[in-house]
Every structure is written in structure tokens, then in C-alpha cells.
Amino acid sequence: MASSIGGFVGSGLLTSLRTFRASNAMTAFNNWHASAMGHRAFGLKEDDLIPDEGPLIQEALRRLSPAEREARLFRFRRAFALSTSQTELELQDQIPASQDTPYLRPLIDIVEAEIATKENFDLLTTIPEQLKRRNRST
Amino acid sequence: MIRSLQTRAFASASPITYKRVGDQAATAPAAVKSLTQAANGVRIATLDGRGPVSSLAVVVGAGARHEAAAGAAHLLKASLVRARPGDNVVRTVREFELRGNTLFTAAAREHTLIASSFLRDDLVDVVPALIGQLFNPSFQPYEFLDAIPGVEAETAAALADAPTRVLDTVHQLAFRRGLGNSLFASPEALHHLKRADLQAFAAANFTADNIAVVGSGVSHDELEALVNASFEGVAVPSTAARSVAPSAYYGGEARIAGSGASHVAIAFKSSGISNAKAHATALVLRAVLDGSHRVKWGQSSGATGLLAKAAANGTTVSAFQNSYSDAGLFGLYIQGNASNVKSVAQKSIEAVKSAASSVSDAALTRAKKVAIVDYELSQTRDELVADIARQVLTLGSFATSAEVAQEISKVSAQDVAQAAQALLASKASVVSYGNLNKLPYADEL
Numbered sequence: 001m002a003s004s005i006g007g008f009v010g011s012g013l014l015t016s017l018r019t020f021r022a023s024n025a026m027t028a029f030n031n032w033h034a035s036a037m038g039h040r041a042f043g044l045k046e047d048d049l050i051p052d053e054g055p056l057i058q059e060a061l062r063r064l065s066p067a068e069r070e071a072r073l074f075r076f077r078r079a080f081a082l083s084t085s086q087t088e089l090e091l092q093d094q095i096p097a098s099q100d101t102p103y104l105r106p107l108i109d110i111v112e113a114e115i116a117t118k119e120n121f122d123l124l125t126t127i128p129e130q131l132k133r134r135n136r137s138t
Numbered sequence: 139m140i141r142s143l144q145t146r147a148f149a150s151a152s153p154i155t156y157k158r159v160g161d162q163a164a165t166a167p168a169a170v171k172s173l174t175q176a177a178n179g180v181r182i183a184t185l186d187g188r189g190p191v192s193s194l195a196v197v198v199g200a201g202a203r204h205e206a207a208a209g210a211a212h213l214l215k216a217s218l219v220r221a222r223p224g225d226n227v228v229r230t231v232r233e234f235e236l237r238g239n240t241l242f243t244a245a246a247r248e249h250t251l252i253a254s255s256f257l258r259d260d261l262v263d264v265v266p267a268l269i270g271q272l273f274n275p276s277f278q279p280y281e282f283l284d285a286i287p288g289v290e291a292e293t294a295a296a297l298a299d300a301p302t303r304v305l306d307t308v309h310q311l312a313f314r315r316g317l318g319n320s321l322f323a324s325p326e327a328l329h330h331l332k333r334a335d336l337q338a339f340a341a342a343n344f345t346a347d348n349i350a351v352v353g354s355g356v357s358h359d360e361l362e363a364l365v366n367a368s369f370e371g372v373a374v375p376s377t378a379a380r381s382v383a384p385s386a387y388y389g390g391e392a393r394i395a396g397s398g399a400s401h402v403a404i405a406f407k408s409s410g411i412s413n414a415k416a417h418a419t420a421l422v423l424r425a426v427l428d429g430s431h432r433v434k435w436g437q438s439s440g441a442t443g444l445l446a447k448a449a450a451n452g453t454t455v456s457a458f459q460n461s462y463s464d465a466g467l468f469g470l471y472i473q474g475n476a477s478n479v480k481s482v483a484q485k486s487i488e489a490v491k492s493a494a495s496s497v498s499d500a501a502l503t504r505a506k507k508v509a510i511v512d513y514e515l516s517q518t519r520d521e522l523v524a525d526i527a528r529q530v531l532t533l534g535s536f537a538t539s540a541e542v543a544q545e546i547s548k549v550s551a552q553d554v555a556q557a558a559q560a561l562l563a564s565k566a567s568v569v570s571y572g573n574l575n576k577l578p579y580a581d582e583l
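Residue numbers (the working numbering), protein chains in the order written: chain A, 1 to 138; chain B, 139 to 583.
This is how it looks when you write it as C-alpha cells:
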């Protein structure tokens, strides 16, 4: 099983890296890092930190449901108030890790996939041969 | 010089002859017709004319008539093409475009469909794509919200066209609920709709006995195999969880203010497609009355037909006929100057009364030919698959245009007169659009 990086040797390296990334140690480190980032102290979710000045993220934000958009706006206003008053949320008021789920990243993935699909199809000039071979109708 | 060469070439070739046996309509070359059921109960109908192009439609027998929430059918049609789970909508549309196939959805009073026209070889791609789109479990909030402005624009464009608006209102007057539901979602209705309404509409109506896969120019065996393969893993309930109230005819009057030419529609109760003889009779009666649109640049109301004498200068009158599963509408459509409308309407109703008393043989023969030609012309590619599906879902079988032509040939003058009498016995549904100060009321006609 060869890979593009390092050939036969590289495939062993990539497999072991993937195994490590999926391991319990890595997951625990990710969770600790997310808690230590400090956004939860301001009542924010991790996806609130994504810089939204750009057409792609703006399109993803446009696709948020009205309820999610309202909740995001509330979290921003609360964080701003906490920042100006130089306070942080108590631990029981913070968003727990179980609720700090990505709500914007799936939409960003969809928008990126749409753009990539459009660009791929724009580059096509003919129908690929394997699709033509498949179609034979009476 | 070149022209003379061409005529010499024509003269030398042998002329092409056709063998004609019997009446033209009966011995026309017939398309191959098949109707079977898929493994899960969905009906599959094909009419193969052996051309290079196929049309395929997956039709659900649910339209404006069956909606519980106003505007649900229209919005569902607009949001039928969505992203498949794990994929995006751009791929769906671009794959159809790459092959040069069309993809469209349509919603009518009694059916909603998603269809495509393509070269025959692409059947293997189109069938799973269409069935996957119709039974797509993924319905994101933004897909629902993004469809609403398009529906508003469609409604505004449709109701800005006077004949469309008048005919929609005529149906509303004639049938009230059910068939009287407007085809177009009003903005107020749209803003009250939720995804749950559309999902309830789909859950109640997308059942196996209510769905037909109709192909024109496709091979039936291939289509059946592909449909069975595409429905694997898709759970389709077998019987309809809905009760459809039978249509009742009411009648009434509506007046709509508008500028420009006046449009008046006077409609009566007619029969649905369930009775083939009555349907054929209605088509012949329409042709007996209406002689318009036969010759380009001819008289607007025609020179033949009983309504020709009723028309005035600048005001045209024609007859229209719509058949649904259990009811129909037959009426007169007057368009032109408001001052002439009253006299034209009265003369048109006199023409219908004269048809109710007797129809001459010459007029009947002409009308039968006109009815056959007009029926065949109305079966355009897209309309053909919708019509076959409507018949399959209502009657369980479908008639090709040749079979309908035979049915039309059997109509007698007595049938036509009786149909006209039945029309006049029902209460009229009158819609007046235009300058209401000048247009007459219904009881003044």
C-alpha cells in the first residue's frame, strides 16, 4: 500500500499518524485544549470564534436557521458585555463541553463542497469516458 | 441556374408513396404501450415512440387539491430539488446539465411531478436521480427558506397574467375547496407555512399506490429493472393515508378590477376523465363551439364554429375545457372591449343553446376532426407524461391519442346535444376582469 508521500515507507507513517489522531490520548488532549482556550468563559461556542469576514463564511451564516442565528447573536452580546465589565462566567453558567458542538462547520463544508463541485464541472469539457461506457439503452 | 438543377433532380427520383388503408386516425402508426407495477406497488407506464429522445417523469397524484395547508403543494414543487444527504445540490444540477438533459418539476391541481428529458442512453442515470430527489430525506432549513422568494415571484408572475388569474378564480368559484384551491401560493399563506406542513403533505401523499413512473420513448423492461433497483432502501408506504372528498360543483360570480382588455370567463359543470365517452363528448362539444386558432392570421374567433357569429369587432370568444379525475369545467372565454362583452356573452350563450338543441352533421364531422387534432397537439412531450400519469393514477390504465381519437369518432350529435343541455342546467361560474364599471353582472347576461 503506497502513498504519495514517501511511497511504501510513507504509507506506514501516515497510517500510524491516523491511528494516533484517533486514539484516546489525542481525544483527551483535544478536549483539554478546547476547555483551556478560554472561549467558554465568555459563554461562546467554538464555532463562534471562526472569523466571519469573507464571502464563504457569510454564505454559511446566511444558511443558519433563524433560531441558531438568534442564539449566536445572544452569545456575542453576552460575551461583549462580559468583556467590557472585565468579568467571566461562573463554571456552572458556561456552555458545557457536550453542548459546545460545531453548528457552523458543517454548513461551511457544504458551501465549500458546492464551490468545489462548481469549479470541477466548469473545467469539464466532455463527458468522462467511463460514464459513456456505462450508458447503453435499447 | 442552381434552381433548375434541383428541379431536374426532383423529377428524376421516384415519388414516395404511403399505403393508406381505412380512416386516417385509426390506422396511424401506433406507439408501443405498456403498464406494469414495480415490486413496491408503484405503477410504471411507458409509451415508446422509438425516437432518440426519452422523457421520464416520476409523478405523485397529489396537487393543490390535496393540500391541508394553503400553498403547500406549490412550495413543495419549488423545493423538490435539494441536496442529497452527504452531497450537494450543485452536483445534481450539473450532472444533468453535463449530459445535456433537462430537469424540471411541475405542480398541477391533482399531481406533482419531477421529470427529465434525455437521450435514451441516459435512462440508467436519470431514474435513480429522479427517484432519489423525490424521496430525499434531507430537508435543511435554508433550503426551505431559499425556496420562498422564488415561489412568491412565480405567484406574482402567474397572477399578473390575466387569463391565468381568471381561470384560477373560475376554479375557486366552481369547486371552492379541493379542486378550487389556488394553484399559486399567496404571500400570506407562504409566510405561515413550515417545513412540518410540507413533510405532512409528503407523508400523506407519497405512497406507492399514488406514484407512477411514466416514460415516453423508454424501453419498458429497462425502466422496470431500474425502478426496482432505485427503490431498494427507500421505504414507501403502500396505501394512501388520506381521504379525498369528492368534488362538488357550486358556481358563483367574482369581479376583479384590472386595467387593459376585459376578460370574462363563464364556466359550467362538465365531466371528468373517469368516463371516457363523456370526456370525448366534451372535447367534441368544445370543437363544435370553438373554431379559433386553426389558421394563423385568421379571424381571432375563427370563421367556423358556432361561436364565430357571436364575436364582435375587437372582442374574441373561445371555449375551454378542463377535465380532472372526478369533475371538469367547460366554459366560454371572452376577451376584448368591455362595451361589447354583454352582447358577445349573450350571443355565445345562444350558440351553446343552439348546440344543445341540435348539431348539424357537417359541424359534427368538422368538430370531430378538430377535437382529434387538438387533443394530439395538446400532448406535447411534457404534457404527455403528465397526462398518462393522471390517467394511470385515476383509472388504472391509459389511452393513447389514437385510442382517444377512436372514442371521439364514436361521439354522436345526440351525445353532444345532451352534453350541452347538461352544461346549461348547472349554475354558471362567472369571473369578470377589467373595468368593472363597464362590465355586466352575471345575472344581466
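Where a beta carbon is used, it is the ideal one built from N, C-alpha and C, also for glycine.
Counting contacts by CB-CB distance shorter than 7 angstroms, is S254 (chain B) in contact with chain A?
As a position in the second sequence, residue 254 (chain B) is number 116, starting the count at 1. No, its Cβ sits nowhere closer than 7 angstroms to a Cβ of chain A.
Is the Cβ-Cβ distance between S354 (chain B) and V265 (chain B) less than 7 angstroms?
Mapped onto the second sequence, residue 354 (chain B) falls at position 216. Mapped onto the second sequence, residue 265 (chain B) falls at position 127. Against a cut-off of 7 angstroms, the Cβ pair of V265 (chain B) and S354 (chain B) comes out as no contact.
Which first and last residues belong to the alpha helix (DSSP H) in which K485 (chain B) is found?
Counting from one through the second sequence, the residue named residue 485 (chain B) turns up at place 347. Here the alpha helix (DSSP H) through K485 (chain B) covers A476 to S495.
Compile a chain-ordered list of the residues in the segment 102-119 of chain A whose CB is closer than 7 angstroms to at least one CB of chain B.
I110, A113, E114, T117 and K118
Interface partners of R258 (chain B) on chain A, CB under 8 angstroms
The residue labelled residue 258 (chain B) in the question sits at position 120 within the second sequence. For R258 (chain B), the chain A residues whose C-beta falls within less than 8 angstroms of its own C-beta are S137 and T138, listed in chain order.
Partner residues on chain A for D279 (chain B), Cβ-Cβ distance less than 7 angstroms
On the second sequence, residue 279 (chain B) is found 141 positions in, with the first residue counted as 1. Strictly speaking, residue 279 (chain B) in this sequence is Pro, with Asp absent from that position. Near P279 (chain B) (Cβ distances below 7 angstroms), the residues of chain A are S65.
For a cutoff of 7 angstroms on Cβ pairs, would you count A147 (chain B) as touching chain A?
Within the second sequence, residue 147 (chain B) is the residue found at index 9, counting from 1. Because A147 (chain B) carries a pLDDT of 45, less than 50, the predicted location of this residue cannot be relied on, and no value is offered for it.
Residue from B:A416, B:Q271, B:A312 and B:R203 whose Cα sits closest to the Cα of F322 (chain B)
Counting from 1 along the second sequence, the entry for residue 322 (chain B) is found at position 184. Closest by alpha carbon: B:R203.
Jot down the residue ranges of each uninterrupted alpha helix (DSSP H) in the segment 247-331 of chain B, minimum 4 residues, whole runs only, in chain order.
261-272, 279-298, 300-313 and 325-330
If the cut is a Cβ gap below 9 angstroms, which residues of chain A does R237 (chain B) touch?
Position 99 of the second sequence holds residue 237 (chain B). Near R237 (chain B) (Cβ distances below 9 angstroms), the residues of chain A are I127, L131 and N135.
Please list the terminal residues of the continuous alpha helix (DSSP H) segment that includes A505 (chain B).
Position 367 of the second sequence, counted from the start, is the residue given in the question as residue 505 (chain B). First-last of the alpha helix (DSSP H) with A505 (chain B): D499 to S516.
Limits of the unbroken beta strand (DSSP E) element including E391 (chain B)
Within the second sequence, residue 391 (chain B) is the residue found at index 253, counting from 1. It spans G390 to A395 - the beta strand (DSSP E) in which E391 (chain B) sits, taken as one unbroken run.
Less than 6 angstroms between C-beta atoms, sequence neighbours within five positions excluded: which residues of the same chain meet that for Q144 (chain B)?
Indexing the second sequence from 1 puts residue 144 (chain B) at position 6. Low confidence applies here, because Q144 (chain B) scores a pLDDT of 45, under 50, leaving its location unreliable; read the following figure in that light. No residues qualify anywhere along the chain.
Burial state of E488 (chain B) (16 or more Cβ within 10 Å)
In the second sequence, the residue the question calls residue 488 (chain B) occupies position 350. With fewer than 16 Cβ atoms within 10 Å of its Cβ, E488 (chain B) is classed as exposed.
Helix, strand or coil for K171 (chain B) per DSSP?
Your numbering for residue 171 (chain B) matches position 33 in the second sequence. Strand.
Assign G572 (chain B) to buried or exposed, taking buried as 16 or more other Cβ atoms, counted over all protein chains shown, within 10 Å of its Cβ.
Translated into positions along the second sequence, residue 572 (chain B) becomes position 434. Classification of G572 (chain B): buried, given that the 10 Å Cβ count is 16 or more.
Ranges of the beta strand (DSSP E) found wholly within the segment 421-470 of chain B, counting only runs of at least 3:
Here the runs fully enclosed are 454-461.
Measure the Cβ-Cβ separation of L241 (chain B) and V289 (chain B) and say whether it is below 7 angstroms.
In the second sequence, counting from the first residue as 1, residue 241 (chain B) sits at position 103. In the second sequence, counting from the first residue as 1, residue 289 (chain B) sits at position 151. Not a contact, by the Cβ cut-off of 7 angstroms.
Three-state secondary structure (DSSP) of Q556 (chain B)
In the second sequence, counting from the first residue as 1, residue 556 (chain B) sits at position 418. Residue state, collapsed to three classes: helix.
Taking V328 (chain B) as the reference, give the member of B:V227, B:A294, B:K548 and B:L361 with the closest Cα.
Residue 328 (chain B) sits at position 190 when you count from the first residue of the second sequence. Strictly speaking, residue 328 (chain B) in this sequence is Leu, with Val absent from that position. Nearest C-alpha to L328 (chain B): B:A294.
Neighbourhood of D335 (chain B) by C-beta distance below 8 angstroms, restricted to the same chain and skipping five residues each side
Here residue 335 (chain B) corresponds to residue number 197 of the second sequence, with the count starting at 1. These residues qualify, in order along the chain: A206, A207 and A210.
Determine the closest residue to A399 (chain B) out of B:V479, B:G390 and B:L531, with distance taken between C-alpha atoms.
The count along the second sequence starts at 1 and reaches residue 399 (chain B) at position 261. It is B:V479 whose Cα lies nearest to the Cα of A399 (chain B).
Determine whether the Cβ of N226 (chain B) lies closer than 7 angstroms to any Cβ atom of chain A.
Taking the second sequence and counting its residues from 1, the one referred to as residue 226 (chain B) is at position 88. Interface residue, yes.
Alpha carbon to alpha carbon, how far is F313 (chain B) from I108 (chain A)?
Position 175 of the second sequence, counting from 1, holds the residue named residue 313 (chain B). Position 108 of the first sequence, counting from 1, holds the residue named residue 108 (chain A). Approximately 48 angstroms, taken between the alpha carbons.
Kindly indicate if chain A contains any beta-carbon less than 7 angstroms away from that of R315 (chain B).
Within the second sequence, residue 315 (chain B) is the residue found at index 177, counting from 1. Judged by the 7 angstroms Cβ criterion, R315 (chain B) is not in contact with chain A.
Beta-carbon contacts of G410 (chain B) that lie in its chain and below 7 angstroms, excluding the five residues immediately before and after
Within the second sequence, the letter at position 272 stands for residue 410 (chain B). Result list for G410 (chain B): S461, Y462, S463, D464, A465 and G466, in chain order.
Applying a beta-carbon distance threshold of less than 9 angstroms, which residues of chain A neighbour V262 (chain B)?
Taking the second sequence and counting its residues from 1, one reaches residue 262 (chain B) at position 124. The answer, in chain order, is R134, N135, R136 and S137.
Exposure of G38 (chain A), with buried meaning 16 or more beta-carbon neighbours within 10 Å
By one-based count along the first sequence, residue 38 (chain A) stands at place 38. It is exposed - the Cβ of G38 (chain A) has fewer than 16 other Cβ atoms within 10 Å.
Does D299 (chain B) pass the burial test, meaning 16 or more other C-beta atoms within 10 Å, or should it be called exposed?
Taking the first residue of the second sequence as 1, we reach residue 299 (chain B) at position 161. Exposed is the call here.
Tell me, please, whether the CB atom of S357 (chain B) is closer than 7 angstroms to any CB atom in chain A?
Walking along the second sequence from the start, residue 357 (chain B) turns up at place 219. It does; some Cβ of chain A falls within 7 angstroms.
With a threshold of 7 angstroms between beta carbons, is F121 (chain A) in contact with chain B?
In the first sequence, the residue the question calls residue 121 (chain A) occupies position 121. Yes, its Cβ sits closer than 7 angstroms to a Cβ of chain B.
Nearest-angstrom beta carbon gap, V422 (chain B) and A183 (chain B) [assumed within contact, 8 angstroms]:
For this step, residue 183 (chain B) is matched to residue 45 along the second sequence. For this step, residue 422 (chain B) is matched to residue 284 along the second sequence. Their Cβ separation, rounded to whole angstroms, is 26 angstroms, which puts A183 (chain B) and V422 (chain B) out of contact at 8 angstroms.
Run through chain B and tell me which residues come within less than 7 angstroms of L124 (chain A), C-beta to C-beta.
Within the first sequence, numbered from 1, the residue matching residue 124 (chain A) stands at position 124. Simply L236.
What in chain A is Cβ-close to R229 (chain B), meaning under 7 angstroms?
As a first step, residue 229 (chain B) must be located in the second sequence, where it is residue number 91. Within 7 angstroms Cβ-Cβ: T117.
In the DSSP assignment, what residue or residues form a beta bridge with A403 (chain B)?
The residue given as residue 403 (chain B) occupies position 265 in the second sequence. Its beta-bridge partners are B:Y471 and B:V569.
By the 9 angstroms beta-carbon criterion, what residues does the segment 360-378 of chain B contribute toward chain A?
E360
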